[in-house]
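Respectively, the protein sequence lines represent chains U and L.
Counting from 1 along the first sequence, just add 96 to a position and that's the residue number in the working numbering.
Counting from 1 along the second sequence, just add 1158 to a position and that's the residue number in the working numbering.
Below you'll find the structure, written out as structure tokens, and then a few comments.
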Amino acid sequence: MLKLEHPVHPALIQVGVAIATVAAFAAVVLQAPVGVRLVASAVLVIVPGIGLARLLLPRNETRGVDGALVIPLSIVLGILVWLGAAMGLHAFGVKLGPTAIALTLSGVGLILAGLAMRSGARRPVAVRGAPVSSRCRTATAVVTTAALLTGATAAAIALIPTPTAPYTTVVFTDDTPFGDRVPVAAAGSPVRLEWVVRGFGQNLSPALTSVRLAVDGVPIRDLAVDMSPDTADESAAISGAVTFPAPVVPGRHTVDLFVQPTAQDGSDVPGPGYVSTPLEVTA
Amino acid sequence: MTATLDDRAPAPRRDEEAPSTTEVRSRNPLRRWLFGWPSVTVGAALGTVVVGLSYRLSTLGYSAELYYVTFWAGMLLACAPAAARLIAADTSRSARLGMILMLGVVTAMPKYLRNPFDPSYHDEYAHWREAVDVTSTGHLFQPNTVIPIVEYFPGTSALTSSAHSLSGLSLWSSGVLVVLVMHVVGLFAMYLLGEEVLGSARAGAVAALVYAINPSAIYFDTQYAYESIAINFFLWTIALTALAAGASSTRSRVGMLVAAVLSAAGCVVTHHLTTIFLIVALSVVVVTATVRARFVGGPSRARHRTGFVVEPDGRHARPIYPWWITLASTVAIAVAWVTSVARPTLEYLSPYLGTSISQLDNMTRKSGEGRRALLAANVEPDWERWLTAAAPVSLFFVCVVALMMIRQRRVVLNSATWGLMLFGGAYFLSLPFILAPSGAEGARRSWGFTYVGVALIVALVVVYWPAKRPQWLGRSVRTPLTAALMLILLVGNVGGGLNDPYRFPGPFRWGTDTNSASAETRSIAEQLGAMVGRAGVVSDAYTALQLAAYGGLVMAAPSPGFPAWDLVQSGEDPTPELAKMLVTSRYDYLVVDVRMSEEDPYNGHNFGGGDPLLGHKTPKANLERLDHVPWARRVMSSEHLRVYRLDLADIAARED
């Protein structure tokens, strides 16, 4: 079956491309839902890609209806336009972000598509076109295949178990032990150390969690411990602080903090071990 | 039969022989059902689920034999119907294109299912972190601690960050989507190349099929990394140049060449090694054409004024100058990029080739010393190992058959096709390097490129070999032989690609990039990163990946000149020299995973090739002493991981 290349008036195609591009830009800038923005992203690949492809390979110069060439080449060129846009923005010192990228791609896409249509619009050619029924069959096959493969992939992912070995971590929440400075305290004065225990794979019980402290390897019995569930953390965390009297002997000492959490149902959880910090005691 | 594969007498396109799917369908209802679109789609869907099942079995610790068999059952279910239609002589061109699309998706599927939500391969950690840093800062060229050279090749991070910004998908999903799209369109490039240089849609389809099952395609070149994207620019550059050479008008030739050069530019800014292979491939083509023009007897030596290569009958053949233009442009862009932006590239790449060649030389002199056991440390079933060994042997025989066909003038090739096939011959040259410890990686990496030529050779033989030969018991065995070849290539190539822990998820296994990763390490990385920012950290090769990726930490790269591994691989305090290096470079933290002292590392090392305890686990005492030395204090801890704050100033002071 032979038909004209542009059964729709070129001006209508131009308007359609422009509307699609502007709508894609708007979807990105307005942070539309991911599904909508995925379609918008596809538009922002295809419009500049087809524009560039048609500029380089006009229909009347090549196998104009060759889907094997034009469709994938348009995608490759569209991706190259993305790459060029990102590098161009970087070169001009513009921060890469949704608005800057979408604006650049929309602008470039409209320019390329406009130029391509201007160069090709005056030369309608007769080409072989597929019957409407064949196109519908192809579209149905593509949609069905995409749906089946998506479902199969989701099922396959669901089959693969995710390792869920529970574990806990303990860390000081004060950043002094992480830095160059050594905490300093006067001899015999109260010292407060803050920490957090995070449990992954189980909920921890503050009431059942035990805390021990040793200075220079000697256990300290005179401890005040505060603990509370840390609701700010998405893991099951316990924030706590331990207060103890600083040693009376001036000099550098080593403080080891042991936290042994227990699950809310009373079962044991993997112990995180201990954390340690030096303490400089002044007279 | 004589097929002429230059443009003096182009072979008929197979779509002309099978003009419509309707005609094919009505011919044989059984074939229509077996190889029709529904069976291909259902096969692909079922195959996907079965591959997922194999991953379930491997994760749960079932025997390797079981999950390998399951995996291949799934892959065959997914690939065989599409492959059959691609190879069949009576498939229409449009159906072949649909099958290539399907093949592109199903060959990307095993890698996608391997780790659908997070990075897992070594290079994936590097690229994911690069994309995170580019997105968070809004600027390209961010320093990368896992693979420092990544900083200078921003193609992957630019595309990922753009896709993320536009689509709203997570950075990981954005990157994976870009790789998938490029993988699929890359197969179309291979199809177009095969169709153009071998003069048949069927040849293009077979070339795309063979390329889709090359040793790198199914896992390595579908991972989220720069080569996975750049290799498709490589394919498009070559395909567009071939199309330009065969173009019927100057306008379309120029258009194709501009597109080829743009694609080459995309390749240059995305991956160094792919750019080198692109330059080599283009060089082989132009050198082959030049040599043929000069030395092939008769009128072919003559040159037309326009620069067209003139073939023996004196008529214009396909010009070779488009190949020269693409080569010159690629070299110019690559030189400009490396000299102005990516200067460290030469320093980064230069050690590899020299080291592997010298190791090969040593191996020939000293038997048994430094020899790498082929396929060692592997749980692959024997049958997959045999097929892995059979793949290059089969290809060798295919090459012999191709040479016979050319010698008997069953086919006549033009210079560009000769050049591409010679480039494919480098596949066989790379095989000895698989035995050299540092050459094995390079050899494997080359196959994704040289398979362009290999695929053309296989397509030539499959399509142009006489239909009735060879015969056995009076019947042609061509179809079973073709099916057997494809089976050997599919299974053998995947088996010869990446090792078991890269291919299959599994229980925790110390000493692999993939299965040594754990949620526990990720949690420590994130907490440490949140606490100290981009601080310098010393750690083993496996923990370092997650620390860098999830914590944004700057990882030390131990080497003989900077033996940071001595902090744990030696039972003694660091030397003043090492302490000074660590202090001045601000490597303030040490992270150890105690599992390094519980089992030997799968990869044979804990700190790379220079590890002083190569092949051995770290002595437990070396880790326990860290809790008692004055220069380290534990500031973060979990069941298996300890984070130490280093205080090496006193030891470093002794150096002065």
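Idealized CB from N, CA, C, for every residue including glycine.
- No Cβ of chain U is located within less than 8 Å of the beta carbon of I1389 of chain L.
- By the neighbour-count criterion, in which 16 or more other beta carbons inside 10 Å mark a residue as buried, W1195 of chain L falls on the buried side.
- The C-beta separation of E1538 of chain L from D1658 of chain L comes to about 7 Å, placing the pair in contact by the 8 Å criterion.
- Under a 10 Å Cβ-count criterion, K1269 of chain L is classified as buried, with 16 or more other Cβ atoms of the shown protein chains found around its own Cβ.
- When 8 Å is used as the limit between beta carbons, H1297 of chain L is near these residues of chain U: H186, K191, L192, in chain order.
- Nearest in C-alpha terms to G1768 of chain L, of all of L:D1805, L:R1812, L:A1722, is L:A1722.
- Judged by their CB atoms, S1278 of chain L and T1701 of chain L are not nearer to each other than the 8 Å cut-off.
- Look at R277 of chain U here: in three-state DSSP terms it is coil, with no helix or strand label.
- Around I171 of chain U, the same chain offers V141, I142, G145 as residues with beta carbons nearer than 8 Å, after the five sequence neighbours per side are excluded.
- Neighbours of W178 of chain U in chain L, taken as residues at a C-beta separation under 7 Å, are given in chain order as L1317, S1320.
- CA-CA distance, G1296 of chain L to A1266 of chain L, rounds to 30 Å.
- The C-beta of A107 of chain U comes no closer than 8 Å to any C-beta of chain L.
- Against chain L, the beta carbon of T373 of chain U has neighbours under 8 Å at R1791, V1793, listed in chain order.
- Within the model, the alpha-carbon separation for V135 of chain U versus A120 of chain U is close to 8 Å.
- By the beta-carbon neighbour count (other beta carbons within 10 angstroms, threshold 16), I115 of chain U is exposed.
- Assignment of L1772 of chain L by DSSP, reduced to helix, strand and coil, places it in the coil class.
- Boundaries for P286 of chain U: no alpha helix (DSSP H) harbours it, while the beta strand (DSSP E) harbouring it runs 286-296, taken from the DSSP string.
- Rounded to the nearest whole angstrom, the C-alpha separation of M1794 of chain L and V1652 of chain L is 41 Å.
- Taken in chain order, the segment 1271-1339 of chain L contains no complete beta strand (DSSP E) segment of 3 residues or longer.
- Not a single CB atom of chain U sits nearer than 8 Å to the CB of R1667 of chain L.
- Residues of chain L with a Cβ closer than 9 Å to the Cβ of T117 of chain U do not exist, since the nearest Cβ in that chain sits about 13 Å away.
- Looking at the DSSP output, Q356 of chain U sits in a beta bridge with U:S306.
- The criterion of a C-beta distance shorter than 8 Å is not satisfied by A1222 of chain L and L173 of chain U.
- Listed in chain order, the non-local C-beta contacts of A1284 of chain L below 6 Å within the same chain comprise N1302, V1304, I1305, V1308, local neighbours out to five positions each way being set aside.
- A residue is called buried when at least 16 other Cβ atoms come within 10 angstroms of its Cβ; Q1685 of chain L meets this threshold and is buried.
- Scanning chain U for C-beta atoms nearer than 7 Å to the C-beta of L1211 of chain L yields L255, reported in chain order.
- Contact with chain L is found for F274 of chain U, since one of that chain's Cβ atoms lies less than 8 Å from the residue's Cβ.
- R1214 of chain L belongs to the set of residues whose beta carbon lies under 8 Å from a beta carbon in chain U.
- Listed in chain order, the non-local C-beta contacts of L1317 of chain L below 6 Å within the same chain comprise V1336, local neighbours out to five positions each way being set aside.
- At a cut-off of 8 Å between C-beta atoms, Q1566 of chain L does not count as an interface residue with respect to chain U.
- In terms of beta-carbon proximity, I175 of chain U lines the interface with chain L, with at least one pair separated by less than 8 Å.
- In chain order, A1347, L1350, L1351 place their CB closer than 6 Å to the CB of A1397 of chain L, counting only its own chain and leaving out the 5 sequence neighbours on each side.
- Taking CB atoms only, G210 of chain U has no neighbour in chain L less than 8 Å away.
- In this structure, V1364 of chain L sits near I1245 of chain L, with a CB-CB distance shorter than 8 Å.
- Assigned with DSSP and collapsed to three states, Y1377 of chain L falls in coil, not helix or strand.
- Here R1803 of chain L carries a strand assignment [DSSP, helix/strand/coil].
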